[in-house]
Structure formats: structure tokens, C-alpha cells
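Protein chains in written order, with the numbering used here: chain D, -2 to 292; chain A, -2 to 292.
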């Protein structure tokens, strides 16, 4: 019987844990974590994401500082704001909603965030610490959420073969580095394959745990998956809904209907990895609060 | 016919390239790269390494600044020296010879080196940039040397399956991150296996390119290697020489005699990866000079 991994339910469990944690921190230290979220311009999707982050923060008792800047904001104005937030001891996490308008260099902005407040985990120093396995760093939210789903669905990770399809800087590469570390939440043999792979199925069929983060609708078919594998689908693709002419629907990178017949556990899209991302951001914000207050 | 990869000859080729490069830089800009090497205490092996670095620097026209400190040097004295070297515009590369005496925290020392002078590539920010594929960073010398040997012995790397045995912070992990990048000197499907792997041979037999960095004498046997594979042996192990009672000899992690029967190319130990390491350090020093002088 295939288990459908309910990302929303798991995210809710973790939310409850965080909520308790925040309440306890407030009681003991008289203050709560604060997350600053910066939105430049008025991209529709970004506005939705920022609103969700604010809502989740408030739900968990985390202070939310939302800063909305005009599309025309210059790079140096944004840098100035980041420097102010870096030195504001009341702000624990700083997140700049991406993408930024094209006249602003995203790398320069990300590198300007104090690494100890970089709750998105995109600063190179946090990525580097993740490679070394250093604990005082932030793991970016999507791979962190994938790890959480894997840990909760694979009892003994040691020596399991994890195959990742896709080598993006925000999912595939950090996840590979997380999962090969020598600790109980990792310790996998990791293979990462990508666009240069002529026969993806050769690798994916070996996976005890398969993570797909490519952005190509229904790319992974049943014959590419080992029976009994745990499948984590990071892709979110909007395609035409053949059953409802003129309408669209969201699907993952994995052909859910057929792969769910042979996987032991699989995430649906939507409702799998998606709900985890925002919750891991909250977890990072609490961690930032702890690190900065040396708790 | 198996090719024995002559690391010494390749290192010499690269040395000639660097020597020309340094001479040209001096002619055009009136100055040469400078490498500062710090040795704390008088560990015998470290003294040899530092002397080799000095000798190679001078051979290539690179200024060598060797600083030898007493075993009793405190961490804060060492930090003070590093800060001075960081702000000295005449110094382009800073290398602290490891291991340090036990009363000094290596991580604190490495993190204190200005990343733009970190020619050993151990600073987390350089590791993080390596994950992202950012070009303004330093790759640590041993994996960089492995990459160079691979590039020179595998005509078309795209889509080749590289299997790495060993997940150390100084070889396995950085090499995995280098070789999965999307560029002509990489673009491999990468698998990394390690102590938690129950059947190492299952993975190594799949390798088009096999890199072993474990530190376990003769661990990889013929039946663990695919015929025609390119084998890079990073291990250096001293064992008893059975043919010369009472004497020892150096061997790699790969059982050279038998694996060389089926590999298409293989590095010997010594004389394979070893000679490359120091030459890549020199390459990094020249790169540091270029980055700092915006050339």
C-alpha cells in the first residue's frame, strides 16, 4: 500500500512544535524572534508568498516585519536597508523575496545579508558550512523541507541510496550536500544527475530515495522508479487540464498516477514539499534568534 | 594498454605555464604574486611541506614569505598575524600549514583568513562559492589537482559517471561539488559513497571515473573496477614492505598491480595526485594576485 506523504499535515505538526518553542522562548527571555521580509516591486506571485510568510509568522508568534519597496528602488537603497537590518539587534532573520527587478544584482544583495541572519540559507558562507557539516548555519528552506520529509518517512537512512535529479543551487546541490553528511538525519550514498545525463532512468531506478527537482511536468515515469522507493517530488508545473478544456492544473515532475502504484511513499503536488518550505523558514528564524542570543 | 598517469610530468607542464604567466605579470604590472606560509611549531612532516612550497614558489618566480612561529604561539597571536597579512596589500595568498598545535582552533584560524587570500580554499565562503559555481573563489588544492588529472585524461566529461569514495571536507566533498557543475571541465553525474556504504563495489563498478580518497591501503581491488575506467588514487598509506623485511613503502587506496590491468588510465602512488597539489596552490596564488589587482 503506497503512502501518500501529506506535506500539509507534517508542516502543521512542525508548526505546533515551533509555536510551543516560541512561546517558551518568550517566557524565558522576554522576547520573540523577528523575521524581516523585503519585497521590491509588485510581482503578483511574490506578493502572495510574502503574505503567506507574514501570516505563518503571526500564527506561530514570530514577529513579522514586512517592508515593501517600490519597483524603482535602486540597488544601493536596498543595500542600505539591509545594512540597517543587519545591525538592528531586534531583527533575527532577513529574507529578500526573489526574483528582484532586473536592475538589481541578486548575488550582491544576498551576499550583503549578515550570514547569521540569512534564514533563506542562500549566502555562500551558509552553503559552505553546509558542505563542511557545520551546525551554526542555515539550510535553504526547500532542501531542508525535503530532508524533513525523508527523515520522517525512511526509518534508517544510513547507507540508503539517494538519487537527486536536478542540480539547481536552491534544491539539488544543497540537498546532495546535506544528505551525505555523517549524521542520523543523512548518511546516504548520494548520486546527483542532471541535463547532461543520457539515461536518467539508469540512475533513478537505483534509488531507495528519489528526489526530483527539475521543473519538467511528468518527467519521471513508472519504469524509471524502483518498486518500494520513497519519492519526493519538488517540481511544480502548470499544465493544461485535459479533463477540463480551457483550464490548467498543477503537476509535479513525477507522473504521480503511475509512480504511486509502485513507490512505497510519494509526495503529491500540490500538498507535498510546498507546505514544508515556509515552515522550515520559520524554523530557521527561531534558530537565528537562538544563535544571536547565544541560547 | 593501460596508461599510467604521470602526475609529476603533468605538474611540471603546469609549472612551466605558471612560470611564464608570472614572468608576464611581472613585466606588465611590475610586481609578482606573493605567498605567505605560516608554520606553527616544528612538526617534521609540516616542515618538509612548507620547505617544498617555498622551493616551488621560488622556482616559479612567486615571492615566498615563510613565517615560522614557536609551538607555544597563542591563538590570539596567530590571529593578529593573520589580520596583519590580510591587510598587507603585498601579500596575495595566506596559507596556514595544518595541523596546528592542539591549543589553537583550526576553524577559527581558517575563518580569519580573508577569503580572497585563502589559496588553500578551506574558508567556508570559498566552499560555498564552489557549490554555486562562482568563479571568483579558490578550490582546495587536492581536489583541484584531481580535476586537472581527470580533465587531461578524459576527452569528453559530459555525462560521465564519476564515483568518489570518501567524503572528507578536503577531498571528497569539494570534488563532488566541482565535478557536477555545468561546464566543460566537469558536467559529470556524481556519486559519493563512504563508510556507511555496505557494498562499495556496487557503486565503484559503475564508475567511468573513479576517485578514491579514503586512507585505507589497497582497499579497491580489481573486481571493484569497471574495465576501461580512469582511476585517480588520492590515498597515501605507509605499510610494511613484504619484499624488504623491516622496511616500509607508500601505497595508495587502490591495489595498483591488479587494478592497472583493467583500468584505461590510473595514477600511481607516489607520483600521481601528490605532485599536483603543490602546483595547484601556486595556480591559486596567481589567481589571488589577479583577483586582488583586478586583472
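Cβ atoms here follow ideal geometry from the backbone N, Cα and C, with glycine treated the same way.
None of the values given here were measured: they were computed from a predicted structure.
Residue-level contact by beta carbon holds for residue 164(D) and chain A, with a gap shorter than 8 Å. As computed with DSSP, residue 245(D) is found in a beta bridge with 237(D). Per DSSP, the unbroken beta strand (DSSP E) holding residue 90(A) starts and ends at 90 to 93. For residue 61(A), the enclosing beta strand (DSSP E) begins and ends at 60 to 66. At a Cβ-Cβ threshold of 8 Å, residue 4(D) and residue 272(D) count as neighbours. In this structure, the straight-line span from the alpha carbon of residue 121(D) to that of residue 83(A) is close to 20 Å.
By the Cβ-count criterion, residue 280(D) is buried, with 16 or more other Cβ atoms from all chains shown falling within 10 Å of its own Cβ. Using a Cβ-Cβ distance cut-off of 8 Å, the segment 130 to 149 of chain D and the segment 137 to 153 of chain A are not in contact, since fewer than three pairs of beta carbons, one from each stretch, lie closer than that value. The distance from the Cβ of residue 60(A) to that of residue 31(A) is about 4 Å, consistent with a contact at the 8 Å cut-off.
Scanning the segment 151 to 232 of chain A for uninterrupted alpha helix (DSSP H) segments of 4 residues or longer gives 169 to 176 and 197 to 201, listed from N- to C-terminal end.
One finds 121, 122 and 125 in chain A with Cβ atoms closer than 7 Å to the Cβ of residue 122(D), taken in chain order. Taking a contact as a CB-CB distance under 8 Å, the pair residue 197(D) and residue 176(D) does not count as one, their CB atoms being some 19 Å apart.
Within the segment 191 to 202 of chain A, the residues whose Cβ lies closer than 8 Å to any Cβ of chain D are, in chain order, 191, 192, 193, 194, 195 and 200. Residue 155(A) reaches chain D at 193, counting residues in chain order whose Cβ is nearer than 7 Å. Nearest in C-alpha terms to residue 234(D), of all of 252(D), 9(D) and 118(D), is 252(D). Secondary structure of residue 34(A) (DSSP, three-state): strand. The Cβ atoms of residue 68(A) and residue 39(A) lie closer than 8 Å to each other. Assignment of beta-bridge partners to residue 251(A) by DSSP yields 217(A). For residue 121(A), the uninterrupted alpha helix (DSSP H) segment begins and ends at 121 to 129. Around residue 174(D), the beta-carbon contacts reaching into chain A at under 9 Å are 128, 170, 173 and 174. Rounded to the nearest whole angstrom, the CA to CA distance from residue 110(A) to residue 37(A) is 16 Å.
For residue 188(D), the CB contacts under 6 Å within the same chain, skipping 5 residues up- and downstream, are 160 and 200 in chain order. Residues of chain A with a Cβ closer than 7 Å to the Cβ of residue 184(D) are, in chain order, 193. Here the alpha carbon of residue 286(A) sits roughly 25 Å from the alpha carbon of residue 45(A). With at least 16 other beta carbons inside 10 angstroms of its own, residue 178(A) counts as buried. Closest by C-alpha distance to residue 112(D), out of 136(D), 155(D) and 224(D), is 136(D). Taking 9 Å as the cut-off between beta carbons, none of the residues of the segment 62 to 81 of chain A comes near chain D.
Take residue 167(D), set aside five residues on each side of it, and the residues of its chain with a beta-carbon closer than 7 Å to its own are 137 and 139, in chain order. With distances taken between CA atoms, residue 89(D) lies nearest to 116(D) out of 64(D), 116(D) and 57(D). With contacts defined by Cβ atoms closer than 8 Å, residue 219(D) and residue 256(D) form a contacting pair. DSSP, reduced to helix, strand and coil, places residue 262(D) within a strand of the structure shown. Assignment of residue 291(A) by DSSP, reduced to helix, strand and coil, places it in the coil class.
In this structure, residue 47(A) sits away from residue 13(A), with a CB-CB distance that is not shorter than 8 Å. The C-beta of residue 227(A) comes no closer than 8 Å to any C-beta of chain D. Residue 230(D) and residue 208(D) have their alpha carbons spaced roughly 6 Å apart.
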